[in-house]
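Peer 1: My structure is below; once you've seen it, I'll send some questions.
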Amino acid sequence: ARAWHLKSRPEAMPTPDNFELKDFEQTPLGDGMVRVRNDWLSVDPYMRGRMRDVKSYVPPFAIGEPMQGGAVGEIVESKAEGFEEGQLVQHMLGWRDEAVLPAAEAIKLPPLEIPPQLALGMLGMPGMTAYFGLLDIGQAKAGDTVFVSAAAGAVGSTVVQIAKAKGMTVVGSAGGAEKCAWVTSLGADAVVDYKAESDLAAALMKAAPQGIDVYFDNVGGDHLDAAFAAANPGAHFTECGMIGGYNSTDPMCFKYIMNLIGKGITMRGFIVTQFMARMDEFQADMGAMFMAGKLKSEETVFEGLDSQVDAFLGLFSGANMGKMLVKL
Ligand code: NDP
């Protein structure tokens, strides 16, 4: 089997030299284990954090070892009761063409007539992030004005659609006219093309003259600062991600941060795994909205294991609309 290995740790923006695609010795298939032919591999911004040798909520990737990440595939061999050949499963041994793992670490995909890769996107981890980040962490409710950054990405585009389905006014931001048009087509009331604006705070205040009640932060930096400027008193900020800073060695600077005090803003960070116990609630509500046609899922697909590093690096240059995936 072949897997991407971490070769070296980047200081700033990773480059293809930090990764190596090579054969690895596959784990023997012991009792209680399954062999999975991976069909879909996920690339996610959090993987950049795992390239760093620091203590975090997930351990760092080890130099010289196969990398890991979300994957969906089909069981091709099983020594585990209740797991048959042909069953589609989701698991965390991505970045490789074939995975051998304990069946207990594989999640069976429900036999629904939906594309299996949705388990890596809108109906999986990014979807849960959007759902609980908006409704639980952000306390967003009907009538609120929500600002969401990276609104054309996997999490952001889901936030836009959940917010619209639940009666909120939505302002998104994204890079480039094409992405902004797509975010508008998802129902956003206004979209700011941050690449075309020299003063993001002014552009946001113009797009949301009524102010924002909730900010769903995927970007940090200038976007977060603009949200401080545009926030209404008592606003809630969901600190989901700060991708603008993941490859930067510069400190983030804020001009409007003191609004936190005067406007009584609540900022709260979270990691989606803290909501695992509420998976049923997510699946019931999102599943119903999806089946009712209220949610549109978009994907950007790179072909073949060889392309996975390009797909991953593409997250940081905005090469994706919707969920970034690799199809094997
Ligand atoms: P996306 O699909 O949104 O892909 C990343 C997007 O970020 C790009 O398409 C790009 O869009 C935008 N981007 C990249 N660099 C910058 C930059 N310097 N400034 C502004 N925008 C930038 O990824 P996800 O939906 O998977 O993740 C979105 C955010 O959510 C990330 O910050 C991620 O870390 C976070 N996250 C947090 C989780 C949690 O548990 N807290 C779980 C999952 C994700 P554009 O072309 O518009 O610039």
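Okay, so the sequence shown: first residue is 336 according to our numbering, each after it adds one. All C-beta atoms, glycine included, are put in the ideal place defined by N, C-alpha and C. It should be emphasised that the depicted structure is a prediction, and the values quoted were computed from it without experimental measurement.
Compare the C-alpha of Phe551 against each of Met587, Asn594, Glu532 and Gly488 and name the closest.
Peer 2: Working through the sequence shown from its first residue, we reach residue 551 at position 216. Nearest option by C-alpha distance: Gly488.
Peer 1: Among Glu409, His426, Leu428 and Met427, which has the Cα closest to the Cα of Glu419?
Peer 2: The residue you call residue 419 lines up with position 84 of the sequence shown. Residue nearest to Glu419 within the set Glu409, His426, Leu428 and Met427 is Glu409 (criterion: CA-CA distance).
Peer 1: Figure out for me which residue from Pro401, Ser413 and Ala565 has the closest Cα to the Cα of Gly597.
Peer 2: In the sequence shown, counting from the first residue as 1, residue 597 sits at position 262. When each option's Cα is compared against that of Gly597, the closest is Ala565.
Peer 1: Can you determine whether any heavy atom of the ligand NDP sits closer than 7 Å to the C-beta of Ile497, and answer yes or no?
Peer 2: Start at 1 with the first residue of the sequence shown, and residue 497 comes out as number 162. Checking the Cβ of Ile497 against the ligand NDP gives no.
Peer 1: Considering only the beta carbon of each residue, do Trp468 and Cys588 sit closer than 8 Å?
Peer 2: Numbered from its first residue, the sequence shown carries residue 468 at position 133. Numbered from its first residue, the sequence shown carries residue 588 at position 253. Note on residue identity: the sequence assigns Gly, not Trp, to residue 468. Against a cut-off of 8 Å, the Cβ pair of Cys588 and Gly468 comes out as no contact.
Peer 1: Which two residues bound the contiguous alpha helix (DSSP H) that contains Tyr466?
Peer 2: Walking along the sequence shown from the start, residue 466 turns up at place 131. Note, Tyr466: alpha helix (DSSP H), Met460 to Phe467.
Peer 1: Between Met540, Val435, Phe359 and Asp528, which lies nearest to Asn567 when the distance is taken from Cα to Cα?
Peer 2: Here the question's residue 567 lines up with position 232 in the sequence shown. Considering only alpha carbons, the answer is Met540.
Peer 1: I'd like the ranges of any alpha helix (DSSP H) spanning at least 4 consecutive residues and lying wholly in the region 396-481.
Peer 2: 460-467
Peer 1: Taking the straight line between their C-alpha atoms, what separation do you get for Thr362 and Val435?
Peer 2: Your numbering for residue 362 matches position 27 in the sequence shown. Your numbering for residue 435 matches position 100 in the sequence shown. Linking Thr362 to Val435 through their CA atoms gives a straight-line distance of about 6 Å.
Peer 1: Straight-line CA distance for Ser343 to Gly510?
Peer 2: As a first step, residue 343 is located in the sequence shown; it is residue number 8 there, counting from the start. As a first step, residue 510 is located in the sequence shown; it is residue number 175 there, counting from the start. Roughly 30 Å between the two C-alpha positions.
Peer 1: Looking at C-alpha atoms only, which residue of Leu364, Met402 and Gly604 is the closest neighbour of Gly473?
Peer 2: By 1-based counting over the sequence shown, the position of residue 473 is 138. Here the closest residue by C-alpha is Gly604.
Peer 1: CB of Cys575 to nearest heavy atom of the ligand NDP: below 7 Å?
Peer 2: Indexing the sequence shown from 1 puts residue 575 at position 240. Indeed, a heavy atom of the ligand NDP lies less than 7 Å from the Cβ.
Peer 1: Go through the region 532-559 residue by residue and report every complete run of the beta strand (DSSP E) that reaches 3 residues or more, in order.
Peer 2: 547-552
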